[in-house]
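Numbered as in the working numbering, the sequence shown ends at 315 without a single skipped number.
Working notes for the structure below.
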Amino acid sequence: MEANELLRKVRKIDIKTRGLSQNIFAGEYHTAFKGRGMTFSEVREYQYGDDVRDIDWNVTARHNHPYVKVYEEERELTVMLLVDVSRSRLFGAVGEEKREMIAEIAATLAYSAITNNDKIGVIFFSDKIEKFIPPKKGKKHILLIIRELLDFTPENQGTDISVALRYFTDALKKRCTTFLISDFIDTHDFTRQLQIACNRHDVIAIQVYDKRDTSLPDVGLMRMTDLETGASRWINTSSKRTRQAYSKWWYERQQSMSDTFSKCRVDHASIATDEDFAHSLMALFKNRGVR
Numbered sequence: 025m026e027a028n029e030l031l032r033k034v035r036k037i038d039i040k041t042r043g044l045s046q047n048i049f050a051g052e053y054h055t056a057f058k059g060r061g062m063t064f065s066e067v068r069e070y071q072y073g074d075d076v077r078d079i080d081w082n083v084t085a086r087h088n089h090p091y092v093k094v095y096e097e098e099r100e101l102t103v104m105l106l107v108d109v110s111r112s113r114l115f116g117a118v119g120e121e122k123r124e125m126i127a128e129i130a131a132t133l134a135y136s137a138i139t140n141n142d143k144i145g146v147i148f149f150s151d152k153i154e155k156f157i158p159p160k161k162g163k164k165h166i167l168l169i170i171r172e173l174l175d176f177t178p179e180n181q182g183t184d185i186s187v188a189l190r191y192f193t194d195a196l197k198k199r200c201t202t203f204l205i206s207d208f209i210d211t212h213d214f215t216r217q218l219q220i221a222c223n224r225h226d227v228i229a230i231q232v233y234d235k236r237d238t239s240l241p242d243v244g245l246m247r248m249t250d251l252e253t254g255a256s257r258w259i260n261t262s263s264k265r266t267r268q269a270y271s272k273w274w275y276e277r278q279q280s281m282s283d284t285f286s287k288c289r290v291d292h293a294s295i296a297t298d299e300d301f302a303h304s305l306m307a308l309f310k311n312r313g314v315r
């Protein structure tokens with residue numbers, strides 16, 4: 025991508041996603057993603073209804089009057105984005121390319137994290153770990169992430185989510201809030217690694233898909249190519265049986281993915297490339313906030 029075009033796209037996503045995170049998501053994000061615990065804030069005079077277990081006996085003895093310790097939520101989180109950069113993300117038939125939608129979602133989540141004083145880091149993966157950006161704060165860090173989201177070129181083309189989850193679990197020992205963003209077109213079974221990751225971290229899955237992924241159009245003979253393997257074949261899309269078989273494959277694949285997330289207790293959202301992702305993220309945040 026040319027430098028001027030990249031800067032223009034970075035600026036466009038910067039403006040859009042910063043506005044979304046500050047004006048729409050700020051409160052929902054804060055409610056949905058909790059801090060690690062409670063930290064001491066101050067002492068004040070005892071009031072009726074206070075828990076006697078919070079009495080600060082040293083201060084009480086000095087003032088000859090009961091005082092209690094006041095705690096507040098320790099808000100700062102570490103947020104990690106696990107972003108699929110396999111070749112299938114370049115597909116775009118309805119709406120924008122998956123790559124562009126993934127970049128916008130990831131940038132919005134990153135801004136939401138920074139707005140709430142959280143650290144944000146990224147792992148780019150294909151069927152191997154392509155790049156690791158350690159968690160940090162700050163506007164410069166956000167712009168670096170957006171630039172990489174738009175212009176990163178992976179070495180490999182395939183997808184192996186289990187590799188990303190294994191690396192993430194090994195690399196980050198402290199509990200993180202983690203967004204796994206992918207189209208989830210993956211022939212590997214990542215259930216075990218997802219379970220391991222969920223035992224230590226809070227994992228949320230976001231699927232980005234193109235509606236043309238879900239069904240075949242009736243357009244006669246069509247050459248279909250797997251973007252990740254390069255394999256291609258001719259398909260007779262005028263055959264009702266062929267179209268039904270493809271739709272069945274997609275449904276069963278989606279059901280298997282959903283079952284995996286339910287088994288691992290992972291909140292998830294599926295977002296089409298022609299949809300407004302803000303609505304889906306808001307619904308996801310709200311569902312987590314009421315629990």
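Ideal placement from N, C-alpha and C gives every residue a C-beta, glycine not left out.
All values reported here derive from a predicted model rather than from experimental measurement.
So residue i and residue j are in contact, right, with Cβ under 8 Å, and what is the actual spacing, rounded?
{"i": "PHE192", "j": "ILE230", "result": "Not a contact, Cβ separation roughly 15 Å."}
{"i": "GLY182", "j": "GLU252", "result": "5 Å"}
{"i": "VAL92", "j": "TYR70", "result": "5 Å"}
{"i": "ALA134", "j": "ILE169", "result": "6 Å"}
{"i": "ILE228", "j": "HIS292", "result": "7 Å"}
Tell me which same chain residues have a C-beta within less than 7 Å of the C-beta of residue i, skipping the five on either side of it?
{"i": "VAL314", "result": "With a pLDDT of 49 at VAL314, under the threshold of 50, the predicted position of this residue should be treated as unreliable, though the coordinate-derived value follows. None."}
{"i": "LYS152", "result": "ASN180, VAL187"}
{"i": "ARG111", "result": "GLN181, LEU251, GLU252"}
{"i": "ARG123", "result": "ARG113, LEU114"}
{"i": "SER294", "result": "GLN231, TYR233"}
Name the DSSP beta bridge partners of residue i, please?
{"i": "SER294", "result": "GLN231"}
{"i": "GLY145", "result": "MET104"}
{"i": "LEU245", "result": "ASN260"}
{"i": "ARG68", "result": "VAL92"}
{"i": "VAL226", "result": "Per the sequence shown, residue 226 should be read as Asp rather than Val. According to DSSP, which records beta bridges pairwise, ASP226 is partnered with THR201."}
{"i": "ILE170", "result": "BP columns for ILE170 are empty, so no partner."}
{"i": "LYS310", "result": "LYS310 is not bridged to any residue."}
{"i": "ILE126", "result": "Partner(s): none; ILE126 has no beta bridge."}
{"i": "SER206", "result": "GLN231"}
{"i": "ILE157", "result": "VAL146"}
{"i": "ILE79", "result": "VAL92"}
Report yes if the C-beta distance between residue i and residue j is below 8 Å; otherwise report no.
{"i": "VAL107", "j": "VAL146", "result": "yes"}
{"i": "ASP237", "j": "TRP274", "result": "yes"}
{"i": "SER256", "j": "GLY244", "result": "no"}
{"i": "ILE11", "j": "VAL290", "result": "Residue 11 is absent from the structure shown; the chain starts at 25 and stops at 315."}
{"i": "THR297", "j": "GLY73", "result": "no"}
{"i": "HIS210", "j": "ASP184", "result": "The sequence given here has Asp at residue 210, not His. Yes, Cβ-Cβ distance for ASP210 and ASP184 is below 8 Å."}
{"i": "THR395", "j": "THR215", "result": "The chain is shown from 25 up to 315; residue 395 falls before or after that span and cannot be answered."}
{"i": "PHE208", "j": "MET281", "result": "yes"}
{"i": "CYS288", "j": "LEU218", "result": "yes"}
Quick one: residues in its chain with C-beta nearer than 6 Å to the C-beta of residue i, no 5 flanking neighbours on either side, listed in chain order?
{"i": "ARG267", "result": "LEU240"}
{"i": "CYS200", "result": "THR102, MET104, HIS225"}
{"i": "SER206", "result": "ASP108"}
{"i": "ALA137", "result": "VAL103, ILE144"}
{"i": "TRP258", "result": "LEU245, ARG247"}
{"i": "PRO178", "result": "VAL109, SER150, GLU154"}
{"i": "THR249", "result": "SER256"}
Quick check: what's the CA-CA separation for residue i versus residue j?
{"i": "TRP81", "j": "LYS161", "result": "39 Å"}
{"i": "SER148", "j": "PRO159", "result": "The sequence as given places Phe at residue 148; Ser does not occur at that position. Cα-Cα distance, rounded: 13 Å."}
{"i": "LYS235", "j": "GLU66", "result": "54 Å"}
{"i": "LEU114", "j": "LEU189", "result": "22 Å"}
{"i": "ASP142", "j": "ILE166", "result": "12 Å"}
{"i": "LYS322", "j": "GLU299", "result": "The requested residue 322 is not part of the displayed model; the chain covers only 25 to 315."}
{"i": "ASP78", "j": "HIS87", "result": "16 Å"}
{"i": "SER286", "j": "SER271", "result": "22 Å"}
{"i": "THR132", "j": "LYS198", "result": "23 Å"}
For residue i, would you say it is in contact with chain B, using Cβ-to-Cβ distances shorter than 8 Å as the test?
{"i": "ARG267", "result": "Of the protein chains in this structure there is only one, and it is not chain B."}
Leaving out the 5 sequence neighbours to the left and right, which residues in its chain are closer than 8 Å to residue i when beta-carbon positions are compared?
{"i": "PHE176", "result": "VAL109, PHE148, GLU154, LYS155"}
{"i": "ALA127", "result": "ILE37, ILE170, LEU173, LEU174"}
{"i": "PRO90", "result": "GLU69, TYR70, ILE79, THR84"}
{"i": "GLY119", "result": "MET125, ASP234, LYS235, ALA296, THR297, ASP298, GLU299"}
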